[in-house]
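The structure under discussion appears below in the form of C-alpha cells.
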Amino acid sequence: MDDRYGTDVLASGWRTQGRPTVPRIEAVPGLVVEVAADGYCGAVIGVASGLVELEDRVGRRRLFQLGPGFLVDGADVVLVVTTAAPARAPKRTASGSFAAPEARARVARASRILVEGKHDAELVEKVWGDDLRAEGVVVEFLQGIDLLPAALDAEPPSAERRYGVLVDHLVPGSKETRIAEAIERGPHGRHIRIVGHPYVDVWQCVTPKAMGIARWPDVPRGTDIKVGTCRALGWPAETPADLARAWQRILARVSSYRDLDPALLGRVEELIDFVAD
1 MDDRYGTDVL
11 ASGWRTQGRP
21 TVPRIEAVPG
31 LVVEVAADGY
41 CGAVIGVASG
51 LVELEDRVGR
61 RRLFQLGPGF
71 LVDGADVVLV
81 VTTAAPARAP
91 KRTASGSFAA
101 PEARARVARA
111 SRILVEGKHD
121 AELVEKVWGD
131 DLRAEGVVVE
141 FLQGIDLLPA
151 ALDAEPPSAE
161 RRYGVLVDHL
171 VPGSKETRIA
181 EAIERGPHGR
191 HIRIVGHPYV
201 DVWQCVTPKA
211 MGIARWPDVP
221 RGTDIKVGTC
231 RALGWPAETP
241 ADLARAWQRI
251 LARVSSYRDL
261 DPALLGRVEE
271 LIDFVAD
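Letter by letter, the sequence shown follows residues 1 to 277 of the working numbering.
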C-alpha cells in the first residue's frame, strides 16, 4: 500500500529536500560577480584568508567573505577558493622586456653593436644580455671612438652587416660628435647608426640613486674622469686595479634598466632594433 505521507519527516535532509542546489564557483581571477546584498559588481583580482577581492569597472576595490551571496550572470552562486595553480606573471629581463621562452641563443648575426670600452660592453651585457642573445647580436668594444674609422675600413658595414655604435659624450661640438658626423657623411654612413649619451663616461649613466649618492661629482677639466670620480668619492685611484675595482663596485649596483639614466636606455634599444631588423 502507498504511503501518502512519504518518508519519515524527521530523517536527515528533509529541510532541503526538493530545493535547487546553488552551484559552487571557483573565484578565479577575472571572474565577474555581483554582490547580492548591495549590487556591487566587479572582477575577482585575488583570494586570501577566506576573502575575495573584487575590482569594479572604475578601479574601486572591495573585500568580501567567500561563500554564498554572489550572483554570476544573475544566478546565485557560492564562491569558493580556486584549486587551480595561480598564473605566473610573465618574466621580465633586466632591460624590462618580456623574457622569451627558454630556448637556445640565436646564432650570431653579422651585424653587431660597437661600444667604446670594456665598461660600456659589460654594462650593456648586464642589462640587455638576454635580449642580445635572443636576437643573436654581439657587442664589441673599440678602446675609443678614435679607432672607429679604422675598424670600419678593415671590416666595412653593408646591408647584411650593419653596425650600431654607442658613443660617450655625444654632445654638440664635442670631439666624439665631429668623428661621428664625419663617418656618417662617408662611404660607410648608409649602413651604420651612431648614437650616444651626454656623459663623459658610461659610469655616470648609472643613476646617483642606485649608487646611494646625491649626484656624480664634477671632475675638473684635465683630470681623468675615472680617477677624479674615485678621488671625489673617497675610493682608491692610484692604479688600474683600483679603477677596475671601482667599476665593479658601480656595476654591482645595477640590477635592471631602472638603475640607468634614460639618456642611455633609449639609445641602446635603438641600436638593438637597428642591427636586428
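Where is the CB? At the ideal position from N, CA and C, for every residue including glycine.
Bear in mind that the values here come from a model prediction, so they are computed numbers and not experimental data.
Distance between R258 and D224 (C-alpha atoms, nearest Å): By one-based count along the sequence shown, residue 224 stands at place 224. By one-based count along the sequence shown, residue 258 stands at place 258. So the alpha carbons of these two residues sit roughly 27 Å apart.
Ordered list of alpha helix (DSSP H) runs contained in the segment 147 to 183, each at least 4 residues: 148 to 154
Proximity below 8 Å, CB of L79 to CB of L66: As a first step, residue 79 must be located in the sequence shown, where it is residue number 79. As a first step, residue 66 must be located in the sequence shown, where it is residue number 66. Yes, they are a contact pair.
Of the residues G222, L243, E125, the one placed nearest F141, counting alpha carbons only: The residue labelled residue 141 in the question sits at position 141 within the sequence shown. Here the closest residue by C-alpha is E125.
For A241, three-class secondary structure by DSSP: Numbered from its first residue, the sequence shown carries residue 241 at position 241. If DSSP states are grouped into helix, strand and coil, A241 belongs with the helices.
Residues that DSSP places opposite Q65 in a beta bridge: For the purposes of this step, residue 65 is taken as the residue at position 65 of the sequence shown. Per DSSP, L51.
Bounding residues of the alpha helix (DSSP H) (the contiguous stretch that carries R267): For the purposes of this step, residue 267 is taken as residue 267 along the sequence shown, with counting starting at 1. From DSSP, the alpha helix (DSSP H) with R267 extends over 262 to 276.
Buried versus exposed call for P157 [16 or more other C-beta atoms within 10 Å across all chains shown]: What you label residue 157 is simply residue 157 of the sequence shown in a count that begins at 1. Looking at its Cβ environment, which holds 16 or more other Cβ atoms inside 10 Å, P157 is buried.
Residue span of the beta strand (DSSP E) that contains D76, given as start and end: Taking the first residue of the sequence shown as 1, we reach residue 76 at position 76. Looking at the DSSP string, the run of the beta strand (DSSP E) that includes D76 is 75 to 80.
CA-to-CA distance, H188 to L152, given in whole angstroms: By 1-based counting over the sequence shown, the position of residue 152 is 152. By 1-based counting over the sequence shown, the position of residue 188 is 188. Distance between the alpha carbons of L152 and H188: 7 Å.
Simplified DSSP assignment, three categories, for Y257: As a working mapping, residue 257 is identified with position 257 in the sequence shown. Y257: helix per DSSP, three-state reduction.
Whether V138 touches A108 by CB criterion (8 Å): Indexing the sequence shown from 1 puts residue 138 at position 138. Indexing the sequence shown from 1 puts residue 108 at position 108. Yes, they are a contact pair.
Option in A237, V47, V202 with minimal Cα separation from G30: What you label residue 30 is simply residue 30 of the sequence shown in a count that begins at 1. Of A237, V47, V202, the residue nearest in Cα terms is V47.
When I272, A210, D261, G228 are compared against I250, the one with the closest alpha-carbon: Indexing the sequence shown from 1 puts residue 250 at position 250. Measuring from the Cα of I250, the nearest candidate turns out to be A210.
Local Cβ density within 10 Å of I51, reported as buried at 16 or more and exposed below that: For this step, residue 51 is matched to residue 51 along the sequence shown. Position check: residue 51 holds Leu in this sequence, whereas Ile was assumed. Result: exposed.
Per DSSP, cross-strand counterpart(s) of I213: Position 213 of the sequence shown holds residue 213. In the DSSP output, where bridge partners are listed per residue, I213 has none listed.
C-beta atoms of H197 and L170 nearer than 8 Å: As a first step, residue 197 must be located in the sequence shown, where it is residue number 197. As a first step, residue 170 must be located in the sequence shown, where it is residue number 170. Taking 8 Å as the Cβ cut-off, H197 and L170 qualify as a contacting pair.
Inter-residue spacing [alpha-carbon to alpha-carbon] between G69 and R60: For the purposes of this step, residue 69 is taken as residue 69 along the sequence shown, with counting starting at 1. For the purposes of this step, residue 60 is taken as residue 60 along the sequence shown, with counting starting at 1. When rounded, the distance between both Cα atoms is 20 Å.
Where A94 falls, given that 16 or more other Cβ within 10 Å makes a residue buried: Here residue 94 is taken as the residue at index 94 of the sequence shown, counted from 1. By the 10 Å Cβ count, A94 comes out buried.
Host beta strand (DSSP E) of R24 (start-end): Here residue 24 corresponds to residue number 24 of the sequence shown, with the count starting at 1. 24 to 26 is the span of the beta strand (DSSP E), which, as asked, contains R24.
6 Å CB neighbourhood of R193 in its chain, flanking five on each side removed: Here residue 193 corresponds to residue number 193 of the sequence shown, with the count starting at 1. Contacts found: G164, F274.
Local Cβ density within 10 Å of A154, reported as buried at 16 or more and exposed below that: Reading the sequence shown from its first residue, position 154 is the one you call residue 154. Its Cβ having fewer than 16 others within 10 Å, A154 is exposed.
Sheet register partners of L114 (DSSP bridge): Numbered from 1 along the sequence shown, position 114 holds the residue referred to as residue 114. E140, V165.
Three-state class that DSSP yields for L251 in the structure shown: Against the sequence shown, residue 251 aligns to sequence position 251. Helix.
Spatial distance of D38 from G74 (CA atoms): Start at 1 with the first residue of the sequence shown, and residue 38 comes out as number 38. Start at 1 with the first residue of the sequence shown, and residue 74 comes out as number 74. So the alpha carbons of these two residues sit roughly 14 Å apart.
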